[in-house]
Each structure stands twice: as structure tokens, then as C-alpha cells.
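Heads up: the structure comes next, in C-alpha cells.
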Ligand code: SF4
Ligand code: SF4
Ligand code: SF4
Ligand code: SF4
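What follows is the structure, encoded as C-alpha cells:
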């Protein structure tokens, strides 16, 4: 199983020599790099000095115990089992807990879990979909095998004649991406930055038989053409990328479009989740608390606070936290620097297989096994399907699940 | 580093759109601190017109500035058939994140993909290293 | 990519047959397919008046490694291992409908494309629909590649 992205490809075979992966079959370039491991594995350290595991875990526990408002963040690269322990740890320490979905696909996953948006599995897409829309998404770069495994090229039960005859793939984006190039010019709709909501409204109008107008003068015939293709679809799938999520201020235009589409046809939506188990975290937290992210536990009163003010971005911006535990994530790289800077001022604990910007600023670093290669567990694919990760070989590094368990016990 | 020396060079304001790139992602899996990751990340891709406005050549470095911070990156042609003056592309990375505005309007979501910068030639200066970013 | 005509224009155009081909045009075709090299045309190499043609052709026809019989080249450095060509190639689909044809890793040895270490490897190229009898101009692997890593010369 490849954990390079939330497609979680399960058809990978590897050849190994001792504890090294030598040849990887079928995985894409990015997946191979992940499975072969990073060139700078993380060392176990306390205050930048080499330390043994017990010392590091004791130190991590004392930081979390002493903190009034700790933050636990990351989770996208952890198994569901590790995530559940992490949620327990947050409850115990009265922590803020959040994950990358907070500034990523969170709103879409939430709408799906609340059944505001219809969804389907990737296997449904492969077997049935005849109209596929990539909106603000460029899977050729973010999820390289998306088109070949599920969404465009493969044959499926009701799609036996190959992509040229059986499927229509459409790209809507502000940039002519590699995916747009494969889908061909006549199926590519280029929008100005921030024009998604307006285009969505125009498309909804076109579906209702009104003349679609946009302030950026996209040919209304082309929009009508698209609405006709979508109306006639037997089974449609819209893949929502970050480009669309960031561009929409609210999801209402998307709800309106989906509702309209489903008056004529059978349309589904799948978020293009990046990290392999981000969706798992959303599901697991939702199962326990009814929220998918951005939570603050209050130790004694068992109360929960939820909302944007508890998001990783806002608690850092407002400097609300006094310690942080980061699991399998590199917020100093992935967040705006002006916001992430506060992390460098507080005691940080990081658990990760590899060195990164955040580990280089951490008081405690604890190396963990690489998910899907050195440790197993379960994870949730981008379409919500739970899959089992099998480990390929044993390593002397502990899994993040084990490390989190030991920290929890030490508190 | 003194940036005073660049004051005379023409500067222009551009909108930056960020995107993802599989090669850069692959390099990231191997090492955040590697040379490959820097060469593939610390780049801004410009329209030909903007390149000539800046009076720079492809491959030279430029300094990008806005209210959030500043970085020196390499300038390249975007290679898109359609001209896009006024818009530049950067792959999503710590370098682009230096420039992402802090303001979120309280939503918890920064404007990662779409922000403004001032660009100016930084001929001779080297690209900001990942360890200097912080 | 150079065309046959461009190459032909740079040859001596005398049809002297020294290269073993019956015409310069035939030589140009083979040169494009990398079956012969620029140096296989003696007049071009030896006679001063063809010097500029020789130099231009030498820089135009850069040697490529791994050209297969059908002229298929995979540019390793561009390939991202997405598998689009693996799944789209009609030969792969015909020979391995439940593996490659259904989007999964190939389960048959008879496929043309297979991804290994993140880069596609071509084998069994004699099966390619562009080759042999009843050939057709198939472009499935070229059209589906996001990075234009596949080329036929
Ligand atoms: S598409 Fe994603 S899961 Fe599949 S091999 Fe590539 S990185 Fe791994
Ligand atoms: S040897 Fe050169 S000049 Fe003579 S026929 Fe061949 S290509 Fe033409
Ligand atoms: S040209 Fe067609 S048959 Fe030949 S390798 Fe490409 S896809 Fe396969
Ligand atoms: S389609 Fe192109 S990038 Fe994808 S595996 Fe084939 S050659 Fe490589």
C-alpha cells in the first residue's frame, strides 16, 4: 500500500534487500520516493542533543503536562489508530486539536459527513462515471495515478469501450495544468482567479435554461455546452481540488449546483484529499465529537469548543498556545511564515519519520516508522473507503501509534 | 544582506497563483533540505512581458516582497501558450508561504493560492536558502 | 522534433547510394528513426561543401538511448509514473484487461508499458499497433501522457 497520497494505491509490489526497498512496481514517482524513504531520517533528540526514546517521551509528557493550552496538530500522515490515541491525549491534556483539513478540504469533507453533498467511491467512478469534472484540481501533479486508476482511462463494468468513447473529462481551473492538457482544449474552462463562484452560478443558470453570463466574458455557448454534457450524464463525478476550496467563500453555490445537477442526472462529489489519512482524522474525530476538526477540549468540564477560532491558524495567529505536539506534519513549511513563526517561540514536540523545517525547531523530536512501509493500521481513502495498511517490513522505529500511547501513559 | 543596491531596478506588482508539482513533491519526500527541493521550489514563473518589464533574463534571481515578508527566488518563463501579464505562478512551498498574507478574516484559512507581491531584479544575489527563511 | 523534409534538405540530395540506401530520402527516413547515423553518409562527412549540413544534422539528430525498433522513446526524466499510458495502450488492454486495462498494476508479461521505480518501462514493443502488418496510427500513449514523456521517432 502506498501512502504517498490519499489515493492509497493498493496494487504496489516491492523488492527488498534487508530493510531497504530496492525496486517498487506500479507506484508513481512520488509514491516511490515515499516508499524508499527520506535521505535524512529524524533522530531522537531533546533540546537538539541525541537522546534515548525513554528520555524523549518523558520530556514530551512533561511539556504537555505543564502547558496550559497545548496544541496537537498534524494527523494526516498517521493511521486511524494513532489518530484515536491522539484525540484521547487531547482530551486528557485539555488541548486544541486540529489537522491540515482545517486549511484544506475540511469544509467539503464536513458537508459530505453531514450529508449535504452526495458522494460515491472511486470504484463507482471507474465502473460507471461517464462525465468527470476536475475542478481546481490537477491530479496529474497531486495524485498522479488518479486518472489511470479510477477517473478517466480504466475500463469498468459499465465503461467497457475505453475513455475516448465512454468518458468525458472536463477541467475547470485558473491555470492550464497538465491535467487540463490531457483533457484537451475544448474540455478546458479557464477562469480568472476567484471566478469559481460566479462560473458555478452561471452553470447552474444554464442548467435551468437561463442564459449564463459571467463578468469575465466566458463564451456563453461554451457554458451551455458544458451544461448539456452534464445534464446528459448517466453518472457524473466532480473532483474538488484545493483551487476550488480556496476560491469559494462559502459552499452555497456548490450546493445549488449539485442540487440542480441532480434534478437531471446523477452527480457525485469527491474531495481531492492530499495526505493519505487526512480524511480518516475527520471521520474519527467526527465519530467521537460530532466535529471534524478545530476543537478545544477543556480538561475538567468535558466541554468542547469548536470553530474557526480554535483552528491551528487562528490559535497561532493569536498566540493562544504555549506548547505544541506535531505529528507527521511540517507546519513551518506548509503554513504562511507570518503565522507559523509563533511555533518557533514555544516548546515543540515533533513525531515524524523525517527531518523537516519544524523538526529543526523542536525541543523534542521522536522518529517514528513510515506508515504503510514500516508500520500498518487502517486509513481512509479520499473517497471515504476504509483500507487496511499492511507493513512491508519490520523496523526498530516505533509506530506513531505506539509513541503516542507511551506519551499518554507518561502523563 | 543589503537590498539597497536593487533600488534602482524597475519593480512591478504581480498577482501570484500557487500550484503543485509532482517533481517538487518527489524531492520533498527525499529531503526538505536537499538541493533538488530548493531548485524546484524557489522559482517564480513569469510572463514574457513581465520579464522584459523587469529587464531581467530567464534564470536570474528576483526579490519578491510584500507586507508579509521577502524572499529571493529564480525567475523563469512560464511556458504557457496564452499570455498572462500581471500573473505569476509559484509552486506551493516554504518560499511561497513567506509571502502568504497573515490576514484570514478570522476564518482559519489563509489565502495560500492567490496573493500580491512586488517583484524586482536581484541580479547577482543568491536564492534564499531554506534554513534562512526562518 | 525534426521532420523528414528538414533532414532531407540538409543531405547532399545526389542519391549516390553510397550509404546503401537507394535515395537520400530513404536515408532521411532512417536517420529520423535513428536506424542510421549522420556519419553513415560518406559524402556528407567527407566533402567540404556539405560541412554546414553535416554540422546542422549532427546537432539536430542527437543520439537517444533506448530507441526501440518501433521508434518508441520514453524520456525517463519527464515520466512521472502516472500509468496513463499503461492503462490507455490498446495492446495493454487487450493482453491484460483485468490488470492494466482496469487501471491496476499489470498482471501479464505481454503488456508494452509497465511502471517500475516510478518510471514507465517499455517492452514487447513489436506488439505496438504502429508496427508490423495492419499498422494504424495509434496515439493513445502520446495523447494521455501529462508530461509528453513518450515520443515516436
Ligand atoms: S498515486 Fe498516490 S498512492 Fe498512488 S502510487 Fe502515487 S503517491 Fe502512491
Ligand atoms: S550516401 Fe548520402 S548522398 Fe548518397 S544517397 Fe545516401 S544520403 Fe544521399
Ligand atoms: S502507439 Fe498505441 S499501441 Fe503503440 S505503445 Fe502507444 S498506445 Fe500502445
Ligand atoms: S503517461 Fe507519460 S508520465 Fe505517465 S507513465 Fe506513461 S510515460 Fe510516464
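Residue numbers (this note's numbering), protein chains in the order written: chain A, 54 to 464; chain B, 212 to 345; chain C, -14 to 138.
Ideal Cβ positions, reconstructed from N, Cα and C, are used throughout, including at glycine.
Query                                                                                                                                                                                                : Result
Pull up the distance between the alpha-carbon of residue 425/A and that of residue 89/A, whole angstroms please.                                                                                     : 12 Å
So which residues on chain B does residue 205/A lean against when the C-beta distance must stay under 7 Å?                                                                                           : Simply none; closest approach about 17 Å.
For a test of the three-state rule: what should DSSP assign to residue 108/A, helix, strand or coil?                                                                                                 : helix
Buried or exposed for residue 94/C, please, with buried defined as at least 16 other CB atoms from any protein chain shown within 10 angstroms of its CB.                                            : exposed
Name the one or two DSSP bridge partners that residue 188/A has.                                                                                                                                     : 225/A, 293/A
Taking CB distances under 8 Å as the criterion, tell me whether residue 93/A reaches chain B.                                                                                                        : yes
Under DSSP, the beta strand (DSSP E) around residue -1/C begins and ends at which residues?                                                                                                          : Counting along the chain, residue -1/C falls outside any beta strand (DSSP E), and DSSP gives it neither H nor E.
Is the shortest distance between the beta-carbon of residue 302/B and the beta-carbons of chain C less than 8 Å?                                                                                     : no
Please go through the same chain and pick out, in chain order, the residues whose beta-carbon is closer than 7 Å to the beta-carbon of residue 169/A, but skip the five residues on each side of it. : 308
Give the interface partners of residue 233/B over in chain C, defined as CB-CB distance under 7 Å, in chain order.                                                                                   : 65
Just the Cα atoms here: how many angstroms apart are residue 378/A and residue 94/A?                                                                                                                 : 19 Å
Whose CA, out of 231/A, 306/A, 260/A, lies closest to the CA of residue 250/A?                                                                                                                       : 306/A
Just confirm the distance between the C-beta atoms of residue 113/A and residue 399/A, as a whole number of angstroms; I'd bet it's less than 8 Å.                                                   : Incorrect: roughly 14 Å between the Cβ atoms, too far for contact.
Classify residue 262/B: buried if its beta carbon has 16 or more other beta carbons within 10 angstroms, exposed otherwise.                                                                          : buried
Which partner residues of residue 230/B appear in the DSSP bridge assignment?                                                                                                                        : 302/B
Using only CA atoms, which one of 244/B, 332/B, 255/B lies nearest to residue 412/A?                                                                                                                 : 244/B
Would you list the one or two residues that DSSP bridges to residue 212/A?                                                                                                                           : 209/A
Might you give, ordered along the chain, the residues of its own chain that have their beta carbon closer than 6 Å to the beta carbon of residue 258/A, omitting 5 neighbours on each side?          : 265
So which residues put a beta carbon under 6 Å from any heavy atom of ligand 1, going in chain order?                                                                                                 : 55/A, 57/A, 58/A, 60/A, 61/A, 62/A, 80/A, 81/A, 83/A, 84/A, 196/A, 197/A, 198/A
Apart from the five residues on each side of it in sequence, which residues of its chain come closer than 7 Å, Cβ to Cβ, to residue 70/C?                                                            : 98, 105, 126, 129, 130, 135
For residue 429/A, which residues in chain C fall below 9 Å Cβ to Cβ?                                                                                                                                : Simply none; closest approach about 20 Å.
Counting pairs of beta carbons, one from the stretch 280 to 299 of chain A and one from the stretch 189 to 206 of chain A, are three or more of them closer than 8 Å?                                : yes
Taking CB distances under 8 Å as the criterion, tell me whether residue 226/B reaches chain A.                                                                                                       : yes
Return the CA-CA distance between residue 81/C and residue 208/A, expressed in angstroms with no decimal places.                                                                                     : 11 Å
With DSSP collapsed to three states, give me the class of residue 213/B.                                                                                                                             : Confidence in residue 213/B is poor, its pLDDT being 47 and thus under 50, which makes the residue's placement unreliable; the coordinate value appears in the next sentence. Looking at residue 213/B - three-state DSSP - the assignment turns out to be coil, as it is neither helix nor strand.
With 8 Å as the threshold, decide whether the Cβ of residue 216/A is near any Cβ in chain C.                                                                                                         : yes
Using only the alpha-carbon positions, how far apart do residue 18/C and residue 236/B sit?                                                                                                          : 35 Å
For my contact list, residue 145/A and residue 464/A are in at a C-beta cut-off of 8 Å; report their separation, rounded to the angstrom.                                                            : 6 Å
Let me check you understand the geometry: is the CB of residue 410/A closer than 7 Å to at least one non-hydrogen atom of ligand 3?                                                                  : no
Can you name the residues of chain B whose CB is closer than 9 Å to the CB of residue 246/A?                                                                                                         : 226, 228, 298, 324, 325
With a threshold of 8 Å between beta-carbons, can residue 241/A be considered close to chain B, or not?                                                                                              : no
Measuring only from the beta carbon, is residue 68/C closer than 7 Å to any heavy atom that is part of ligand 4?                                                                                     : yes
Taking DSSP as the reference, what is the three-state secondary structure of residue 57/C?                                                                                                           : strand
Closer than 8 Å between beta carbons: that is the criterion. Which residues of the stretch 79 to 97 of chain C meet it against chain A?                                                              : 82, 86, 87, 88, 89, 90, 91
Indicate whether residue 240/A and residue 224/A have their beta-carbon atoms separated by less than 8 Å.                                                                                            : yes
When you compare only the Cα positions, how much space is there between residue 339/A and residue 160/A?                                                                                             : 13 Å
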